[in-house]
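Sequences listed follow chains V and C, in order.
Those letters in the first sequence? Residues 351 to 699, by our numbering.
Those letters in the second sequence? Residues 14 to 90, by our numbering.
Structure record follows, encoded as structure tokens.
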Amino acid sequence: MEKFKVVHYINQFFGQIGGEEMATHPPEKRSGPVGPGLGLTAQFKGEAEIVATIICGDGYYNENMDSAAAAIVEMVREEQPDVFVAGPAFNAGRYGVACGAICKAVKDALQIPVLTGMYEENPGVDMYGKEIYIVSTRDSAAGMRSALPVIGKLLLKLARGERIGASVEEGYFSQGIRVNFFEEKRGSTRAVEMLVKKLADEPFVTEYPMPSFDRVDPMPAIKDLSTANIAIVTSGGIVPHGNPDRIESSSASKYGEYSIEGVADLVVGEWETAHGGYDPTAANHDADCVVPVDVLRDMEQEGIIGKLNPYFYSTVGNGTAVASSKQFAAEMAQKLIEQNVSAVILTST
Amino acid sequence: MAKEIERAGFPVAHICTVTPISKTVGANRIIPAIAIPHPLGDPSLDPANDKKLRREIVENALHALTTDVTEQTIFEE
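This is the structure we're talking about:
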């Protein structure tokens, strides 16, 4: 029997082209499997093969979403594959967005099954999880070994055109699709069983999870800029030279509060970024390109804004848990209240 | 972070390059930036034009902060 043909998408890191300094690498195609494609091939047990691997820098994809997708779709089309797979991206945000976006683009253009894998907090899950199969993985590449069998199994099912089971059975994120089936126990029995477990503090699984709409109402605009105190907050990891608080380059456990009183410009050698996961060359050379102290100081002098808050707040957004980010920001907000701040400019890398 | 700070009572202008992420996560005033490693600048420009570009983005952010919005809004230049 002929093997199913698979095209695999990976980033510059897994493609062994390089780290962040190569994140601008444009899409290229190589024949056969590369990097994680070798481990994935082992899962196919001869039933499928990776005929080509497309490698693209995460920065390149995210900054050129439309043109990158168009170019990659053509590379995939040339191979006429049965299935397209991307990643897995774990908790790498830009890689996850790229994997989700390219899967959707390939599915729409070529009408073939697609799948990828990532960690539940990866923004790619919220953005694409309803439209494509995204296998749930751990938050780092240490989870490669446990992710590949799940991806491989689902990929073969998709290639064979088999019926795909429920998300909890197959290991992908729920797409919000309901399928009719006959339960053995009737609804009232199941509801009472759940209630009894709940009363006994035992774990139970709801049959109807409530959607979570975590939205915050927009605050009113500031009325008079010329008297406003504007504060800067960043997830781009800008810190004084030497990173005195030792903020981690990924999965940050803390944030820093830094005085910019009397500082007109964040100059090279005095400020730098602690952030991993993006090329730090520009930020280390001129941190104003992440924390725009120079122009806000000018605007303060010109009377356009009342003042630039004497402190800014900084953490590293690379793989940092949502729960940590919430906690950091809630603490920052208390300090901003004490400092009579009017509005916040938040910058992200 | 944008949501937690706004929840505490501050209007927040979120300057970022990948605006779809900001929208998915729930920022209310979103300002498109230049590139992931240098959101408010372009190292290929000379220092004067680099700073001019940065000023334009900050002006757009301040415009957003002085504009009332009722829903998530991306402030294109």
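Just so it is clear, CB atoms sit at the ideal spot from N, CA and C, and this is done for glycine as well.
| Check | Outcome |
| --- | --- |
| Can you name, in chain order, every residue of its own chain whose Cβ lies under 6 Å from the Cβ of C:Ala15, other than the five neighbours on each side? | Val25, His27, Ala40 |
| Label V:Pro473 either buried or exposed according to how many other C-beta atoms from any shown protein chain fall within 10 Å of its C-beta, with 16 as the threshold for buried. | buried |
| Starting from C:Cys29, trace the beta strand (DSSP E) in both directions and tell me its first and last residue. | 25–29 |
| Could you spell out where the alpha helix (DSSP H) holding V:Met468 opens and where it closes? | Segment 464–468 is the beta strand (DSSP E) holding V:Met468; no alpha helix (DSSP H) there. |
| Quick one: residues in its chain with C-beta nearer than 6 Å to the C-beta of C:Arg67, no 5 flanking neighbours on either side, listed in chain order? | Leu53, Gly54 |
| What whole-angstrom Cβ distance do V:Ala509 and V:Val426 have, given they're in contact under 8 Å? | About 15 Å separates the two Cβ atoms, so there is no contact after all. |
| To test your reading of the DSSP string, which unbroken beta strand (DSSP E) runs of 3 or more residues are found completely within the region 566–599 of chain V? | 579–584, 588–590 |
| Please state the DSSP three-state secondary structure of C:Pro53. | The question names Pro, but residue 53 of chain C in the sequence shown is Leu. Three-state DSSP puts C:Leu53 in coil, outside helix and strand. |
| What runs of the beta strand (DSSP E), each 3 residues or longer, lie entirely inside the region 596–672 of chain V? | 606–609, 621–623, 661–664 |
| With H, G and I counted as helix, E and B as strand and the rest as coil, what does DSSP make of C:Leu58? | coil |
| Taking Cβ-Cβ distances below 7 Å as the criterion, which residues of the region 66–82 of chain C are in contact with chain V? | Arg67, Arg68, Val71, Ala74, Leu75, Leu78, Thr79, Thr80, Asp81, Val82 |
| Quick test of the definition: if touching needs 3 or more C-beta pairs under 8 Å, does the region 483–497 of chain V touch the region 407–423 of chain V? | no |
| Going along the chain, which residues of the region 436–463 of chain V sit with their C-beta nearer than 8 Å to a C-beta in chain C? | Gly443, Arg444, Val447 |
| What number of angstroms, rounded off, separates the C-alpha of C:Thr32 from the C-alpha of V:Tyr445? | 15 Å |
| Would a C-beta distance cut-off of 8 Å place C:Ile49 and V:Tyr661 closer than the cut-off? | no |
| Which residues of chain C have a Cβ atom closer than 8 Å to the Cβ of V:Ser599, listed in chain order? | Correct list: empty, because the minimum Cβ distance to chain C is about 14 Å. |
| Can you tell me where the beta strand (DSSP E) with V:Lys379 in it begins and where it stops? | 378–381 |
| For my contact list, V:Ile360 and V:Pro386 are in at a C-beta cut-off of 8 Å; report their separation, rounded to the angstrom. | 6 Å |
| Check whether the Cβ of V:Pro499 lies closer than 8 Å to any Cβ atom in chain C. | no |
| Below 8 Å on the Cβ atoms is my contact criterion, and I expect C:Ile43 with C:Ile87 to pass it. Report the Cβ-Cβ distance as a whole number of Å. | 5 Å |
| Please state whether DSSP places V:Ala373 in a helix, a strand or coil. | coil |
| For a minimum of 4 consecutive residues, which ranges assigned as the alpha helix (DSSP H) are wholly contained in the region 519–543 of chain V? | none |
| Throw me the rounded Cβ distance for the V:Phe440 and V:Ser490 pair, which I believe falls under 8 Å. | 5 Å |
| Pick out the complete alpha helix (DSSP H) segments inside the region 468–496 of chain V, 4 residues or longer, and give them in chain order. | 473–478 |
| Could you compute how far the alpha carbon of C:Arg20 sits from the alpha carbon of V:Asp551? | 32 Å |
| Assign V:Tyr445 to one of three DSSP states: helix, strand, or coil. | helix |
| Mapping DSSP to helix, strand and coil, what is V:Glu397? | coil |
| Between the Cα of V:Lys480 and those of V:Leu498, V:Ile527, V:Cys639, V:Glu471, spot the shortest distance and give me the residue it belongs to. | V:Ile527 |
| Output yes or no for whether 8 Å exceeds the beta carbon distance between V:Val618 and V:Asn634. | yes |
| My assumption, with CB atoms under 8 Å, is that V:Leu504 sits in contact with V:Tyr478. Please give the rounded CB distance. | Contact flag wrong, Cβ pair sits at about 16 Å. |
| Would V:Leu646 and C:Val71 qualify as a contact pair, given that the criterion is a beta-carbon distance under 8 Å? | yes |
| Give the DSSP bridge partners of V:Asn361, in chain order. | V:Cys406 |
| Where do the ends of the alpha helix (DSSP H) carrying C:Arg20 lie? | 15–20 |
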